[in-house]
Each structure stands twice: as C-alpha cells, then as structure tokens.
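Working notes, structure below.
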C-alpha cells in the first residue's frame with residue numbers, strides 16, 4: 001500500500017535527486033541536523049504528501065517541496081543579486097545612447113539576468129537582479145506590495161507634523177492619491193532635512209514626486225531596502241549574490 005514516503009522515493013533513481021535534508025539545508029533552512037529534525041517533526045511535504053522518513057531523495061527540478069506550507073525553491077541555475085546603483089547609471093541592461101548601465105556593473109557572467117524594478121537616473125541604492133522569472137514577476141507585481149525603504153535628503157526644513165500627515169493623509173498626485181507607510185526625520189539643518197521613508201508603491205519617481213508636490217524637492221535619494229533585503233555596507237557600483245536564506249525570505253514575502 002503506498003505511503004507518504006513512496007511518492008518521494010520515486011526520485012531515488014533519478015541522477016538529479018538529492019537527500020531531502022540536504023535540499024533543505026541548501027535552501028537556507030538551517031544545518032543538516034536541523035533540517036532532519038524538521039522532517040521527523042512532520043513539517044515537510046513532497047508533492048503534497050507528508051514525508052517523515054530520513055534518507056528520502058527528491059528531484060528539485062520535478063518535485064515540489066514545502067516546509068510549514070511554504071514552497072522550497074532551489075534551482076542551481078538561478079541567481080539573485082543585490083546591487084548598489086550609483087547616480088548617473090541607467091536602470092537598464094543596454095542603452096542606445098551609450099550611457100552607463102547595470103550591465104556595465106555585473107558584466108555578462110550571469111545568463112538572462114534582469115533587474116526587478118528600477119531607480120531613476122539620479123537616484124542611488126539597492127536594485128535586485130535575477131534570472132528567476134517567477135520571482136521577478138512576484139516581486140514587481142503590485143499585488144504583493146513589497147515595501148521599499150529610502151533615505152531622502154530634502155531641500156528645506158520639513159516638520160514632523162508634515163511627515164506624519166504624509167502617512168495619515170497622503171497627497172494628491174496627477175495619477176492618484178498616495179500615502180507613505182512610514183516617514184521619520186533622521187537629521188535636519190536650516191536648509192535641508194534627511195528623512196527615512198517607507199512605501200510599497202512602485203510608481204515612477206514616486207518619492208521625488210511626493211515631496212516635490214509639497215514644496216520640498218529631493219536633493220538626494222538612496223534606496224536602502226526592498227522587502228527583507230537590505231543594502232547594508234555594499235559599496236556603490238558593486239553587487240553581491242544573495243544567500244539562499246535571503247532568497248527564501250524574499251520568496252516567502254511575495255507568496256512563493
């Protein structure tokens with residue numbers, strides 16, 4: 001009589017199959033021992049069936065694995081990057097005008113890699129890039145409302161009251177009403193204010209448009225976080241490969 005182990009065991013004769021606990025470890029769920037505990041505790045499913053037997057082999061290309069209901073996504077051909085875009089770099093892979101682009105930073109090392117979203121030409125900071133089409137579609141889809149965090153330097157001295165109003169009431173722009181999720185003053189002087197801004201909208205130049213509409217033009221704009229992924233100390237014009245733990249965290253945030 002078939003049991004929960006039998007379906008997963010079908011992958012045992014496949015040259016692409018690996019032990020289930022190894023797959024989970026590669027996907028960033030913890031040490032091999034911790035992943036073994038997750039299996040024996042009944043938290044892991046393969047193709048919709050509970051698997052509790054250690055030694056089970058699976059083919060990540062053909063079988064779907066879930067932990068606590070969340071899909072495990074491992075593809076050795078997929079890569080996701082965090083890149084720190086400097087000013088005067090175009091958020092594109094090529095430019096007919098010959099301007100500096102993201103390809104000039106990452107080169108041709110990764111096949112079919114593309115940016116998830118954009119920053120305008122004069123803005124700086126975090127851009128995520130991937131050759132995982134499904135992940136890219138989910139991150140950019142408005143349905144998942146991925147939060148983006150920015151540090152903006154404004155012309156003029158903005159008050160805490162105005163910041164709070166941008167969160168509670170928002171402003172009317174040409175393409176609709178928009179509110180910030182968070183706005184906090186980091187530093188200020190007589191002629192400028194530095195604010196931390198969080199919002200989930202991905203509309204073009206949205207931060208610049210919001211503050212410009214109330215008389216505080218943005219002098220400098222740096223994106224510091226997208227969902228759970230932080231810019232950290234990544235230097236301008238450089239990039240790093242996200243760990244499997246980071247990719248799993250990002251995937252979970254967008255429903256994968």
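Numbering (UniProt numbering), first residue to last: 1 to 256.
We put the beta carbon where it would ideally sit given N, CA and C, even for glycine.
Since we're looking at a predicted model, the values are computed, not measured.
Check                                                                                             : Outcome
Residue 119 - DSSP class collapsed to helix/strand/coil                                           : coil
Proximity winner among 207, 86, 112, relative to residue 105 (alpha-carbon distances)             : 86
C-alpha distance - residue 213 paired with residue 89, whole-angstrom precision                   : 25 Å
Sufficient close CB pairs (3 or more, under 8 Å) joining the segment 13-33 to the segment 230-245 : yes
At least three beta-carbon pairs within less than 8 Å, the segment 186-205 to the segment 34-49   : no
Beta carbon of residue 226 nearer than 8 Å to that of residue 128                                 : yes
Beta carbon of residue 257 nearer than 8 Å to that of residue 69                                  : The requested residue 257 is not part of the displayed model; the chain covers only 1 to 256.
Residues bridged to residue 152 (per DSSP)                                                        : 195, 221
Three or more C-beta pairs below 8 Å linking the segment 153-173 and the segment 100-119          : no
Euclidean distance between Cα positions of residue 79 and residue 19                              : 22 Å
Simplified DSSP assignment, three categories, for residue 29                                      : coil
Beta-carbon gap between residue 155 and residue 182 smaller than 8 Å                              : no
Beta-carbon gap between residue 140 and residue 116 smaller than 8 Å                              : yes
For residue 188 and residue 157, believed in contact at Cβ under 8 Å, the rounded distance        : 6 Å
Local conformation of residue 176 per DSSP, three classes                                         : strand
Beta-carbon proximity list for residue 35, same chain, < 6 Å, skipping 5 on both sides            : 21, 24, 25, 29
Simplified DSSP state of residue 89, which is helix, strand or coil                               : coil
Inter-residue Cα distance where the pair is residue 239 and residue 114                           : 14 Å
DSSP state of residue 1 mapped onto helix, strand, coil                                           : Interpretation of residue 1 is limited by its pLDDT of 39, a score under 50 that renders its predicted location unreliable; the figure taken from the coordinates is listed afterwards. Here residue 1 sits in coil by DSSP.
Which listed residue (133, 224, 159) has its alpha carbon closest to that of residue 256          : 133
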